[in-house]
Structures are given as structure tokens and as C-alpha cells.
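In what follows, a single structure is set out as C-alpha cells and then discussed.
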Amino acid sequence: MSLPNVFFITGTATGFGRELVLQLNALKQKVIATDRTIDGIKDYEQLEHVSIMKLDLNSDEEEIAGIVRDAIKIHGHVTHLINNAAYSVTGCVEEVPLSIAQREFNVNYWGTIKVTNSFLPHFRGRTSGEKFILTVSSIVGINVWPYFSYYAASKYAIEASFEALKMETQHLGIKVLMVEPGYFRTSFLKEGSNVQPPGNPIADYEPIRGSMGKELKEQNGAQIGDPKAGCERIIELLMHTGLAKQISNGEIPTRVALGSDSYEGIIKKGQDLIDNANKWKQFSVSTDYKN
């Protein structure tokens, strides 16, 4: 007998996380919503199908493992892990203090790894029910922007590790998928949240800082992506329904772009890689042994 779905989601106070909780609850799906403080998700206590837990991705490995064990006890199992929590610091590489960059990496990369590793024994040990890991990456995990280098680096690292994880766990029936949103109309670009000027600005980088600051202000509130539609598509991927079912034929892709800007950015990056490889082909292959 297949187990009913239980969705464990990180970073649910705002943005995609909040929208996923509300949509899954409306579908009468069991949800365990987490965030680094309870205050931002306390209103979920009024939702019939949602449990709430505090989970700070900065916590150490044992603490996170303990929280995951407690989460599994709520319904006896978890079928879907949604790694959504992340944040960004802005600034050119030289401008961002390494302590701040490391803190971001500790949340976006190592925090996500700690949560995932804590669930893997539970997924490996089950023989029924879904075993699905979906991680919200970003277009910058494929196509880097200036001024977001450390955020992009954390997402690049996620892309590499979870692509390998998919290969490592496929034979165990564990499904691994990354989604890569472009600009969506959430609070992510709101000044004072993710978008903060670097504490130690360097005059030589003012053209970059000014250009990116202008773009972010113009995009904030005018992003092309609809979070409601984006989360509907994510849920289709998780539950094998709708447009995702029509396209996939039952297969789980490694990654899926969300938004026309993400799609176009990935196409451009792919073509740039192909063009560069072809331009330098003679140089590259010249290092092989001559048999």
C-alpha cells in the first residue's frame, strides 16, 4: 500500500515557500512547514493540513538531524523534501567580507546538504511511498550575474552536488530534481532583505554596483514571474500532474527552468559553452597523446 504524501519544506515564511504551503494545504496535502523562526509561520497553525517547526539552516548537523527525526514522527514518514530556504548577499567579489560570504554559503549550501543528508536514511529505508527531493536553485546556478557572485557560487555548488546525488540514488528509487527560477514577483529583491549594499564599497566597482542597483530597483515589483503559477508548476512536478505529466512521460528531469527569463538564460549559456568549446577545439585536443 502506498503511503500518503507528506511534504517537508524549508524557508516557508515568504516567497515560494509560503505559496507552496498554501497551495498544498488547499489540495489537502499534509505539510510540515519550517523556517528559522516560528514567528513568520505561526499563522499556519490555522491551516488544517499544516504542521510547523523551527529549523535554522545555520544549526549544526546533529541539531538538524534531530529536527528531521522529530518531523518524521509527526506522520510516521515524509515523502517529499523541498529545499527552498536560501538568501543572498550582494556586492562584487572583493567587496563582500569573507565572513558574510561564508555565512551565506553555510545556509544555502551546507544547510541544504545537512537537511538532505538527514532525510536520506529515511528515504533509503522505505520501500513504499514517494521518495522525492526537490531543491529550489536559481537561474544564477547556471548563468552568473555580477554583484551576486557568492549567491551564484552557492547555487552552482548545489547544482553540482544534487546532479551527483541524482546519479547516486536513482537505483534506490529516490527522485532528485532542481528547479531554477528567474525573476519572480516575490519579496526577494526588496531592499533591506536580500538586496543590501556592500559594507565596504570600493570605488573602482561603482559602474557595476550602480548598474546592478538600478536593474534590481527596476525589477522589484515588476518581475515577469508569477509566484502562484511557478508554485503550481512545482507541485505538478512533485505530484506528476498537469503539464509536467504531459511532458515528462514519467521521467524526472535533473533540472527545469521556471520563467521565460530563466529558459532564455539557460539557452544562451548553453550556446555560449558550445561556441567557446568549438572555437578552442584545436587548442583543447592538442594535449592528447599522439598514438
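With this note's numbering applied, the sequence shown covers 628 to 918.
In this text, a Cβ means the ideal position worked out from N, Cα and C, and glycines have one as well.
Quick caveat: nothing in here was measured; it's all calculated off a predicted structure.
Under the three-state DSSP convention, the category residue i falls into
| i | result |
| --- | --- |
| ALA660 | strand |
| THR743 | helix |
| THR762 | strand |
| VAL705 | coil |
| MET628 | The pLDDT assigned to MET628 is 49, lower than 50, so where the model puts this residue is not dependable, and the model offers no usable value. |
| LYS908 | helix |
| GLY892 | helix |
| GLY852 | strand |
| LYS802 | strand |
| LYS978 | As shown, the chain starts at 628 and ends at 918. That puts residue 978 outside it, with no answer to give. |
| ARG753 | coil |
| GLY826 | coil |
| ILE785 | helix |
| ILE879 | coil |
| ILE668 | helix |
| ASN685 | coil |
| ARG812 | coil |
| LEU865 | helix |
| LEU792 | helix |
| LEU900 | helix |
Selection from the options that minimises the alpha carbon distance to residue i
| i | options | result |
| --- | --- | --- |
| GLU722 | TYR777, ARG696, LEU708, SER781 | TYR777 |
| ILE829 | THR739, HIS676, GLY718 | GLY718 |
| ALA787 | ILE851, THR762, GLY800, TYR774 | THR762 |
| PRO854 | ASP831, GLU878, VAL695, GLN650 | GLN650 |
| LYS758 | SER765, PRO748, SER764 | PRO748 |
| LEU792 | ILE694, PHE746, LYS906, ILE893 | PHE746 |
| ALA692 | ASN876, PHE789, ASN744, GLY752 | ASN744 |
| GLN729 | GLN850, ASN685, GLY809, ASN903 | ASN685 |
| SER629 | THR868, THR754, VAL658, ASN711 | THR754 |
| GLU807 | PRO825, MET794, ASN770 | ASN770 |
| VAL803 | GLY809, ASP902, MET794, ASP683 | MET794 |
| ILE856 | PHE634, ILE636, LEU647 | Just to set this straight, residue 856 is Ala in the shown sequence, not Ile. Of the listed residues, the one whose Cα sits closest to ALA856 is LEU647. |
| PRO724 | LEU843, ALA904, PRO824, LEU885 | PRO824 |
| LYS844 | GLN656, LYS906, ARG812 | ARG812 |
| VAL720 | ARG696, TYR774, ASN735, VAL705 | TYR774 |
| ILE679 | ARG645, ASN876, ILE874 | ARG645 |
| LEU885 | LYS841, ILE893, ILE701 | ILE893 |
| GLY826 | LYS908, ILE727, LYS655, ASP662 | ILE727 |
| ARG882 | PHE635, TRP907, PHE789 | PHE789 |
| THR637 | THR739, ASN652, ILE879, LEU900 | THR739 |
Same chain, Cβ closer than 8 Å to residue i, five either side skipped, listed in chain order
| i | result |
| --- | --- |
| SER731 | Before going further, note that residue 731 is Glu rather than Ser in the sequence given. Taken in chain order, the residues that qualify are TYR714, SER715, VAL716, TYR777, TYR778, SER781. |
| SER911 | ALA904 |
According to DSSP, residues forming a beta bridge with residue i
| i | result |
| --- | --- |
| GLU807 | ALA884 |
| ILE636 | ALA660, ILE709 |
| GLY718 | PHE775 |
Extent of the continuous beta strand (DSSP E) run through residue i
| i | result |
| --- | --- |
| HIS702 | Segment 688-702 is the alpha helix (DSSP H) holding HIS702; no beta strand (DSSP E) there. |
| SER678 | 677-681 |
Contacting residues, own chain, Cβ-Cβ under 7 Å from residue i (five flanking each side not counted)
| i | result |
| --- | --- |
| LEU865 | HIS707, PHE759, LEU761 |
| SER889 | ILE766, GLU807, PRO808, GLY809 |
| SER887 | ILE851 |
| PHE750 | LYS758, ILE801 |
| GLY877 | none |
Limits of the alpha helix (DSSP H) - the one that residue i falls within
| i | result |
| --- | --- |
| VAL771 | Neither: VAL771 is in no alpha helix (DSSP H) and is coded neither H nor E. |
| VAL648 | 642-653 |
| SER838 | 833-846 |
| GLU731 | 725-732 |
| LYS872 | 869-875 |
Cβ-based neighbour list, residue i, same chain, cut-off 6 Å, excluding 5 preceding and 5 following
| i | result |
| --- | --- |
| GLY667 | ALA640 |
| LYS681 | ILE665 |
| TRP737 | none |
| ALA784 | TYR736 |
| LYS741 | GLU688, ILE691 |
Residue i: CB within 7 Å of a non-hydrogen atom of the ligand NAD
| i | result |
| --- | --- |
| ASP915 | Inclusion of the ligand NAD in the displayed structure is not the case, the ligand content being empty and no account of it being possible. |
Within-8 Å CB hit, residue i to chain B
| i | result |
| --- | --- |
| HIS798 | Protein chain content of the structure displayed is limited to a single chain, and chain B is not contained in it. |
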